[in-house]
Each structure stands twice: as C-alpha cells, then as structure tokens.
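Peer 1: Would you mind keeping the following structure in view while I ask a few things?
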Amino acid sequence: MNNTAVFTSEFNRVFKFFLQELKPRGKWLTPFNVISIPIIIVGLIILYFRFVYGLGSVTNLSQDFPWGLWIGFDVVTGVAFAGGSYVVTFVVYVMRNEKYHSIVRVTVLNGLLAYIFYAGALVLDLGRPWHIVNPIIGNSFGYNSVLFLVSWHFLLYMIAMFVEFSPVIAEWARLEKVRKFLSALTLGAVIFGITLSILHQSGLGALFLMAKPKIHPLWYSEFIPVMFFVSSIYAGLSMIIFEGTISHKVFKHLIGEGNHHHYDEIVLGLAKGAAITMFVYYFFQALLFIHEKRWELINDFWGYWYLLEVIGLVLIPCCMYAYAVRNRNLGIIKVASVLALLGIILNRLNVSVITFRWYAVDHYYPSWQEIVVTLMVISVEIWVLRWIVTRMPVFKHD
Amino acid sequence: MDSYPYAGFQTRLETGAHMEFYYYVNIFETKGLEYLLLLSFLALFIVLVRYLSVPEKKNPVPGEKTSTTAGS
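Keeping their order, the protein sequence lines are chains A and B.
Under our numbering, read the first sequence as residues 1 to 398, first letter to last.
Under our numbering, read the second sequence as residues 1 to 72, first letter to last.
Right under this line is the structure:
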C-alpha cells in the first residue's frame, strides 16, 4: 500500500470515529440541561437581534458607557479566571513539579475554552464585528493601541494552548505518531504561552490607563497592569480549586480513586500558592493606598465599597487559605476560593463598569439580554467542556 | 451634566475646552510610610511562609495510575 492509500484509510478511520463520538451520551434530562438549554435558545435569539439590529437593540450601552457586562465580565474577568492555565503549566513544565501533573490537561482545557468563549465574546461587543480581523491582517494595525497587543496575544495564546492540548486529541483519535510529534512541541508552546499570558493579563489592565479621569481614584493607578497580572495568578488558582471541586463530583466516574486522594494534596498546594499571591497582592494594594493617599477618599460609599473588595474579598480569603492549609481543612479552602473569585469579579467590574464614570448622573446597568447572553456563553462553554471531558483522556489516560 | 468631584477637572467641564490637566505629585511625601510598610511586609511574608510550611501527608494508593501531562 502506498503512502496516499495509508493516509486516506487513516483519514477515513478518524472521520468515522469523530462522527461516532458526536453522538450524545448519557441522560438528557439532567438539572444542568434543563436550565442551560432554555438559556442557550433565548441567548441565540437575542444574538440574532444584536447582529441584525445592532448593539443598541439589546444592550444598555451608549456613547458614555461603551463597555458593559460583556467586556467587564466575559472578557476582563473571564481571562483572569483562565490564568490558572499558565500558572500550572509554569509549575509543571518549567519548575518541574510533578505533583501537579494530573491536573495539567484539565487546566489547559479550561483555559483554552475560557479564551475561546470569553475572549470570543469580544466579537459580540464590537459595533462592527467583522473588524475583529483588522489587527491581524494589517488593515490599520494600530501599533500604539493596547488592544493591538491584547488581540494578537489572545490569538497567539489560544494557538499555544491548543498546541499544549493537542496531544490529548491525538491520543483520543489514536494517532500515535502525531501525538509524539505534538508532545515534542509542548514545552516550547508552554514557554511561549506563559510569556504571552503575563503580557496580556497586564495588557488588559493597561487598557484602562487612558481612562484616568473616568475611573474612581480608589481603583485607578498607574500600576493597574501589575495589579491585574498579580491578581490573575490567585484568580486562576482559585478557579482551579473551584472547578476541581465540581469536576470531582460530576466526573467522579472518570477519575481514578488514587487521583481522588492525590487531589487533596494538590488542592492544599494550590491554596498555599493562592494565599502567598493574595498576600503579595494585598501588600501592593496597601502600598498604593499609602502612595496615592487614598485615606482621603475612604469616608463615603465608594470608600466602603473599596474596603469590601480589598479586605472582605482579598485579605479575609487570604487568611482563610492560610489557616486552611495549616490545618488541612479542604472545606475552608473551597469557601475561600469562592470568596477570592467574587473578589476578582468585583475588582474587574469595579474598574471596567461599576466605578467607570461614577460621577455621571445616568449610570449603566446591564440589560436582561446582556445577562442572558453572558449566561449563554458560560452554558455553552460547560457543554463543550463536558463533551470533551467525557470523550477524551483528560482526567485519565490509557 | 456630570458633576466631577475633583478640582481641576471641573474647569474643563465648565469651559468645554479639551485641555490636558496634570497634578504635581511629590513622590517623596509618603516614602517613609512606604518603607515602613515594605519592612513589615517582608517580616510578615517570612512569618506567612513559615506558617504555611506544613509537611505533606503521604497517602499513596497502590496500583493506581495517575494521568499524565498534556504533552506526554
């Protein structure tokens, strides 16, 4: 048999295998399906109106408030939550810490999907969505714009994460030679990806540097990029703990008993990393508080709001993580991860939406359509994640 | 009409002129406090790391294969 014939037969085998894998598995009538299917259907209808009649037909965005929930939550917060991917790959591949090997695949998958869906949500918020390709194809590159950096980094990082995850796909399709080739690319993709991550996590913060008069002084500083980067580390770690807790219940049958025991040690290690990073972040906040003389602004609603974020959702979860690691209490770690994630949501929304033009008489509030579309994006991501996890060797390998 | 509570910016809103404002920042004004904060941070950081350094509990399960890295 010549090479062409071998290739054709192999291609046919993979194609048939893929078609077979597309068929649904398991029960249809699950609580998640019952909730998510109507959300997805309504979300798709809203998106039809958004693309046919424009942003104004379904959102409360205006010239004064051009960025709303879709940017503030889906893009800015979602990308911070995906930070766990670069942290874990750094620890495993660069620091050579074998302890976290078993969570690399699922973490990279979560990161990849988060970027595809949350960064992809950027398209929804563009008045002319077809212009999304401009920074890539060179139709007015806009070198001086932070968005130029962010858009290129998103694209390259998604490719890097796909390369990191691709050996799993090859293993699933039983393409051994391809898997070996792709595995050889992993370390390079990881290093490239970490570099990109550090730059675009901070780049997302840099987007707000030009909005100095519009962001409340308690949240604005020249160090927003540094703060975004540092907080993305513990955001990612907290997200891994949170998602891992759910995954270990929902996909229990896919995870070996040994991995369940091993997972407790992994969670304690992640919590330790999160505690240290949160402590550093809190120190940076304290430094900014003094440097910018923020005590002058602390005695009003925004001041209390700021304290809620920095003390209630950074310092307290940091202490909870530390206490829980010391006492090996996984329950407290899970609660701390939720608080830390709420802190990240609040911080990103404060910078991008809530305190944006806080002095304006008319404020922006997301419309119900914006909220439904956000829930739709999350639901579709979970559907895709579930499809991949139940088919590909993400938790376990042959 | 917006009501921006900080001095300086109000002028731009009233006149409509698009003028760049700057604020003189004395970076040394709070330096003493910042150094004190830094020193206390370093001391507390050592305490935190020592507090978190608890020995790992070994709990191996024989015959169980753990999953591998994405790339291997």
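Note that beta-carbon positions come from the ideal geometry of N, C-alpha and C, so glycine has one too.
Is Phe301 of chain A helix, strand or coil by DSSP?
Peer 2: Position 301 of the first sequence, counted from the start, is the residue given in the question as residue 301 of chain A. Correct three-state label for Phe301 of chain A: helix.
Peer 1: In angstroms with no decimal places, state the Cα-to-Cα distance between Ile35 of chain A and His248 of chain A.
Peer 2: As a first step, residue 35 of chain A must be located in the first sequence, where it is residue number 35. As a first step, residue 248 of chain A must be located in the first sequence, where it is residue number 248. Taking the straight line from one Cα to the other gives about 21 Å.
Peer 1: Would you check if the distance between the CB atom of Gly84 of chain A and the CB atom of Met239 of chain A is smaller than 8 Å?
Peer 2: Residue 84 of chain A sits at position 84 when you count from the first residue of the first sequence. Residue 239 of chain A sits at position 239 when you count from the first residue of the first sequence. Taking 8 Å as the Cβ cut-off, Gly84 of chain A and Met239 of chain A qualify as a contacting pair.
Peer 1: Determine the DSSP secondary structure at Ile37 of chain A, reduced to helix, strand or coil.
Peer 2: Within the first sequence, the letter at position 37 stands for residue 37 of chain A. Helix.
Peer 1: My guess is that Phe17 of chain A and Ile215 of chain A are in contact by the Cβ rule of under 8 Å, so how many angstroms apart are they, rounded?
Peer 2: As a first step, residue 17 of chain A is located in the first sequence; it is residue number 17 there, counting from the start. As a first step, residue 215 of chain A is located in the first sequence; it is residue number 215 there, counting from the start. Actually they do not touch by this definition, with Cβ atoms about 52 Å apart.
Peer 1: Is the shortest distance between the beta-carbon of Ile224 of chain A and the beta-carbons of chain B less than 8 Å?
Peer 2: If you number the first sequence from 1, residue 224 of chain A lands on position 224. Not closer than 8 Å to any Cβ of chain B, the Cβ of Ile224 of chain A fails to qualify, so no.
Peer 1: Quick one: does Arg399 of chain A have its CB under 8 Å from some CB of chain B?
Peer 2: Examination of residue 399 of chain A is not possible in this model, given that chain A is present from 1 through 398 alone.
Peer 1: Considering only the beta carbon of each residue, do Ser59 of chain A and Gly72 of chain A sit closer than 8 Å?
Peer 2: For the purposes of this step, residue 59 of chain A is identified with residue 59 of the first sequence, where counting begins at 1. For the purposes of this step, residue 72 of chain A is identified with residue 72 of the first sequence, where counting begins at 1. Checking the sequence, you will find Thr at residue 59 of chain A rather than Ser. No; because the gap between Cβ atoms is not below 8 Å, this pair is not in contact.
Peer 1: Kindly list, in the order they appear in chain B, the residues whose Cβ is closer than 7 Å to that of Leu287 of chain A.
Peer 2: Numbered from its first residue, the first sequence carries residue 287 of chain A at position 287. The contacting residues are Glu34, Leu37.
Peer 1: I want to see whether chain B comes within less than 8 Å of Phe356 of chain A, judged by CB atoms only; does it?
Peer 2: Along the first sequence, read from residue 1 onward, the residue named residue 356 of chain A stands at position 356. So, not an interface residue.
Peer 1: By Cβ distance, which residues of its chain are closer than 6 Å to Val178 of chain A, with the 5 residues on each side in sequence left out?
Peer 2: For the purposes of this step, residue 178 of chain A is taken as the residue at position 178 of the first sequence. Correct list, in chain order: Ala170.
Peer 1: In chain order, what residues of the region 39-51 of chain B put their CB closer than 8 Å to some CB of chain A?
Peer 2: If the cut-off is 8 Å between Cβ atoms, the region 39-51 of chain B has Phe41, Leu44, Phe45, Leu48, Val49, Tyr51 near chain A.
Peer 1: Looking only at its chain, what residues have a beta carbon closer than 8 Å to the beta carbon of Lys65 of chain B, apart from the 5 residues adjacent to it on each side?
Peer 2: Here residue 65 of chain B refers to the residue found at position 65 when the second sequence is read from its first residue. Only weak support is given to the placement of Lys65 of chain B: the predicted model assigns it a pLDDT of 48, under 50, and the value that follows is read from those uncertain coordinates. If we look at Lys65 of chain B and ignore the five residues flanking it on each side, it has no Cβ neighbours.
Peer 1: Identify whether Ile154 of chain B lies in helix, strand or coil by the three-state DSSP scheme.
Peer 2: Examination of residue 154 of chain B is not possible in this model, given that chain B is present from 1 through 72 alone.
Peer 1: Report all residues from its chain with a CB closer than 6 Å to the CB of Asp2 of chain B; omit the five preceding and five following residues, and keep chain order.
Peer 2: Walking along the second sequence from the start, residue 2 of chain B turns up at place 2. Unreliable placement is indicated for Asp2 of chain B, whose pLDDT of 47 sits below 50; the coordinate value is still reported in the next sentence. Counting only Cβ-Cβ distances below 6 Å, and skipping sequence neighbours, we find nothing.
Peer 1: Check whether the Cβ of Val52 of chain A lies closer than 8 Å to any Cβ atom in chain B.
Peer 2: Walking along the first sequence from the start, residue 52 of chain A turns up at place 52. Not an interface residue.
Peer 1: How far does the alpha helix (DSSP H) with Phe181 of chain A in it extend, from its first residue to its last?
Peer 2: Translated into the one-based positions of the first sequence, residue 181 of chain A becomes position 181. Start and end: 176-206.
Peer 1: Taking three-plus beta-carbon pairs below 8 Å as touching, is the region 330-346 of chain A in contact with the region 258-278 of chain A?
Peer 2: These segments touch.
Peer 1: Between the alpha carbons of Ile194 of chain A and Ile316 of chain A, how many angstroms are there, rounded?
Peer 2: Along the first sequence, one-based indexing puts residue 194 of chain A at 194. Along the first sequence, one-based indexing puts residue 316 of chain A at 316. Near 29 Å, if we compare the C-alpha coordinates of Ile316 of chain A and Ile194 of chain A.
Peer 1: How is Ile255 of chain A classed by DSSP in three states: helix, strand or coil?
Peer 2: Your numbering for residue 255 of chain A matches position 255 in the first sequence. Here Ile255 of chain A sits in coil by DSSP.
Peer 1: What is the DSSP secondary structure of Phe117 of chain A, counted as helix, strand or coil?
Peer 2: Position 117 of the first sequence holds residue 117 of chain A. Three-state result, Phe117 of chain A: helix.
Peer 1: Three or more beta-carbon pairs under 8 Å between the region 146-154 of chain A and the region 194-208 of chain A, yes or no?
Peer 2: Short answer: they touch.
Peer 1: For Gly111 of chain A, which residues from the same chain have a beta carbon less than 7 Å from its beta carbon, with the 5 sequence-adjacent residues on both sides left out?
Peer 2: What you label residue 111 of chain A is simply residue 111 of the first sequence in a count that begins at 1. The answer, listed in chain order, is Ala82, Gly84, Ser85, Met161.
Peer 1: Look at Leu196 of chain A and Tyr143 of chain A and say whether their C-beta atoms are less than 8 Å apart.
Peer 2: Position 196 of the first sequence holds residue 196 of chain A. Position 143 of the first sequence holds residue 143 of chain A. In this structure, Tyr143 of chain A does not lie closer than 8 Å to Leu196 of chain A by Cβ.
Peer 1: Rounded to a whole number of angstroms, what is the C-alpha to C-alpha distance between Trp295 of chain A and Ala211 of chain A?
Peer 2: Your numbering for residue 295 of chain A matches position 295 in the first sequence. Your numbering for residue 211 of chain A matches position 211 in the first sequence. Near 22 Å, if we compare the C-alpha coordinates of Ala211 of chain A and Trp295 of chain A.
Peer 1: Would you call Ser67 of chain B buried or exposed, if buried means 16 or more other Cβ atoms sit within 10 Å of its Cβ?
Peer 2: Within the second sequence, residue 67 of chain B is the residue found at index 67, counting from 1. The predicted position of Ser67 of chain B is uncertain, since its pLDDT is 47 and thus under 50; a value taken from the coordinates is nonetheless stated next. Buried: at least 16 other Cβ atoms inside 10 Å.
Peer 1: With distances taken Cα to Cα, identify the nearest neighbour of Val108 of chain A among A:Ala119, A:Gly120, A:Val87, A:Tyr118.
Peer 2: Here residue 108 of chain A refers to the residue found at position 108 of the first sequence. Of the candidates A:Ala119, A:Gly120, A:Val87, A:Tyr118, the one whose C-alpha sits nearest the C-alpha of Val108 of chain A is A:Val87.
Peer 1: Give the DSSP bridge partners of Phe356 of chain A, in chain order.
Peer 2: As a working note, residue 356 of chain A is residue 356 in the first sequence. Paired residue(s): A:Ile215.
Peer 1: Mapping the DSSP letters down to three states, classify Gly142 of chain A as helix, strand or coil.
Peer 2: The sequence position of residue 142 of chain A within the first sequence is 142, counting from 1. Here Gly142 of chain A sits in coil by DSSP.
Peer 1: Just mark Gly78 of chain A as buried or exposed, buried being the case when its beta carbon has 16 or more other beta carbons within 10 Å.
Peer 2: The residue labelled residue 78 of chain A in the question sits at position 78 within the first sequence. Burial call: buried.
Peer 1: Can you tell me whether Trp358 of chain A is buried or exposed? The criterion is at least 16 other CB atoms within 10 Å of its CB, across all chains shown.
Peer 2: For the purposes of this step, residue 358 of chain A is identified with residue 358 of the first sequence, where counting begins at 1. Buried, because 16 or more other Cβ atoms sit within 10 Å of the Cβ of Trp358 of chain A.
Peer 1: Can the beta-carbon of Ser102 of chain A be found closer than 8 Å to that of Ile241 of chain A?
Peer 2: Position 102 of the first sequence, counted from the first residue, corresponds to residue 102 of chain A. Position 241 of the first sequence, counted from the first residue, corresponds to residue 241 of chain A. No, these two residues do not count as a Cβ contact at 8 Å.
Peer 1: On the three-state DSSP scale, how would you describe Leu61 of chain A?
Peer 2: As a working mapping, residue 61 of chain A is identified with position 61 in the first sequence. Looking at Leu61 of chain A - three-state DSSP - the assignment turns out to be coil, as it is neither helix nor strand.
Peer 1: Use the C-beta contact count for Ile276 of chain A: other C-beta atoms within 10 angstroms, 16 or more gives buried, fewer gives exposed.
Peer 2: Looking up residue 276 of chain A in the first sequence gives position 276. By the 10 Å Cβ count, Ile276 of chain A comes out buried.
Peer 1: Decide if Trp368 of chain A is buried, meaning its Cβ has at least 16 other Cβ atoms within 10 Å, or exposed.
Peer 2: To locate residue 368 of chain A, count along the first sequence from 1; it is residue 368. By the 10 Å Cβ count, Trp368 of chain A comes out exposed.
Peer 1: Note the first and the last residue of the continuous alpha helix (DSSP H) segment covering His248 of chain A.
Peer 2: Stepping through the first sequence from its first residue, residue 248 of chain A is reached at position 248. His248 of chain A -> alpha helix (DSSP H) spans 224-250.
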